[in-house]
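Okay, so the sequence shown: first residue is 0 according to numbering that gives the first Met the number 0, each after it adds one.
Glycine included, each C-beta is placed from N, C-alpha and C at the ideal position.
Small disclaimer: the values here were computed from a predicted structure and weren't measured.
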Amino acid sequence: MSPRIKELRYSLYLVRKSPLVVAGIFILLTFLSLAFLAPYIAPYGPEERVWRDNNLPPGSPSTIEGNPMHFWGTDDTGGDIFSRILYAAQTDLYVSITVVLVAVLIGTFIGAIAGYYGGKIDEVVMRVTDVFFAFPGLVLAMAIVMALGERSLQSISLALMVTWWPSYARLVRGQVLGEREKLYVEAARSVGASDSRILVYHIIPNTIQPLIVQATMDTGSVLLVAAGLAFIGFGPRAGVAEWGLMISKAQNFFMIAPWAVFFPGFAILFVALAFNLVGDGIRDILDPRIRRR
């Protein structure tokens, strides 16, 4: 058996050995599948309203004959909670995953340049990241959304990308500082490899492990912040299927229809928790101290 196959099998063994990681993977796969299949399995559209069905409890039939049942009840406008949560999964997962991917790319590029060349470039990059870290992430994101002048999913996404890239720049910069003096880098230089080739093909691949762990955990954090921005009014327009916005609109009717708050709240909780569980699992799998046990 080849070493790579043995390594893969051992990694899968470590995953199976942790029930929390398995649970996290199961939750993520479930929500990703539901988001993908939402147009086919949701009984109602994301912005469809049946005004006569407002604030119906879970399991209630529609007041209009022939309409599907409201499995998780309805909100104050007659929107089907189950359908809107499925479509909101598309929105929230897309925003959180896209934000993290773009932030990783930007942070990796800037951090790698700063760590490899050092000097004034490194000093400027670190001072810029210090400015970003001086503000709480949520406050900075709110300020950026306000500066953009448009409260939408695009504005939230851009604000969170700007907020998150400095953490990856610092992470990659620290990794590159440790890698650039190693023998394999000196060997690459000795055969005439360019700086860009050394960075792309040699140094950055050796910094990818902590990036994967951090990005997985940050996806859950971005989801929470994005939902928080939508909750306090910095998100998309009313009517868009988004978990934070659903909670915001339903809070005024909490005593009448608590399910309109509970179900999107549980969705946020489970998905954010799942990303953290999977991140912990990936960290354990990639940790050489655990692999040697």
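Reduced DSSP secondary structure (H/G/I, E/B, other) of residue i
| i | result |
| --- | --- |
| S17 | coil |
| L151 | For the record, residue 151 in the displayed sequence is Ser; it is not Leu. In this structure, S151 counts as coil in the three-state DSSP scheme. |
| Y167 | helix |
| V239 | coil |
| M254 | coil |
| E122 | helix |
| P38 | helix |
| A102 | helix |
| K248 | helix |
| E47 | coil |
| E64 | coil |
Among the options, nearest to residue i - alpha-carbon criterion
| i | options | result |
| --- | --- | --- |
| E149 | R48, A229, S61, Y43 | A229 |
| F35 | Y12, P67, T90, P57 | T90 |
| G110 | R126, A133, V21, F252 | R126 |
| T218 | D79, I197, Y93, V161 | Y93 |
| I96 | T215, G280, T162 | T215 |
| A305 | R83, S17, L28 | This structure gives no information on residue 305, because the portion of the chain shown stretches from 0 to 292. |
| F252 | G191, V123, P56 | P56 |
| V49 | I80, I24, L104, Q153 | I80 |
| G278 | I211, V123, V239, P18 | I211 |
Bridge partner(s) assigned by DSSP for residue i
| i | result |
| --- | --- |
| T73 | D79 |
| L59 | One detail in the question is off: residue 59 reads as Ser in this sequence, not Leu. DSSP, once it has assigned bridges, lists H69 as partnering S59. |
Residue i versus residue j: straight-line alpha-carbon distance, rounded
| i | j | result |
| --- | --- | --- |
| L33 | L85 | 6 Å |
| S166 | T128 | 8 Å |
| A102 | I40 | 33 Å |
| N66 | G136 | 44 Å |
| L54 | R8 | The question names Leu, but residue 54 is Asn in the sequence shown. Those two C-alpha atoms are separated by around 50 Å. |
| T62 | R51 | 7 Å |
| E185 | D194 | 11 Å |
| A22 | F30 | 12 Å |
| P42 | A273 | 26 Å |
| G234 | W163 | 18 Å |
| L28 | A88 | 12 Å |
| A237 | P45 | 12 Å |
| G191 | L276 | 43 Å |
| G106 | R282 | 20 Å |
| F261 | V221 | 20 Å |
| S59 | W71 | 8 Å |
| V199 | A187 | 12 Å |
Residue-chain proximity (residue i, chain C), Cβ-Cβ < 8 Å
| i | result |
| --- | --- |
| M254 | No chain C is present in this structure, which holds just one protein chain. |
### Task
Indicate whether the contact test is met: 3 or more Cβ pairs, each with one atom in the region 261-272 and one in the region 228-247, closer than 8 Å.
yes
### Message
Taking contact to mean 3 or more Cβ pairs, one atom from each stretch, closer than 8 Å, check whether the region 140-152 and the region 245-262 are in contact.
### Response
Contact fails between the region 140-152 and the region 245-262, because fewer than three Cβ pairs, one in each stretch, are under 8 Å apart.
### Message
If contact is defined by three or more beta carbon pairs under 8 Å, each pair taking one atom from either stretch, is the region 155-173 in contact with the region 206-221?
### Response
yes
### Query
How do the region 211-227 and the region 180-200 stand: do at least 3 beta-carbon pairs fall below 8 Å, yes or no?
no
### Query
Would you call the region 68-76 and the region 152-160 in contact, with 3 or more CB pairs under 8 Å?
no
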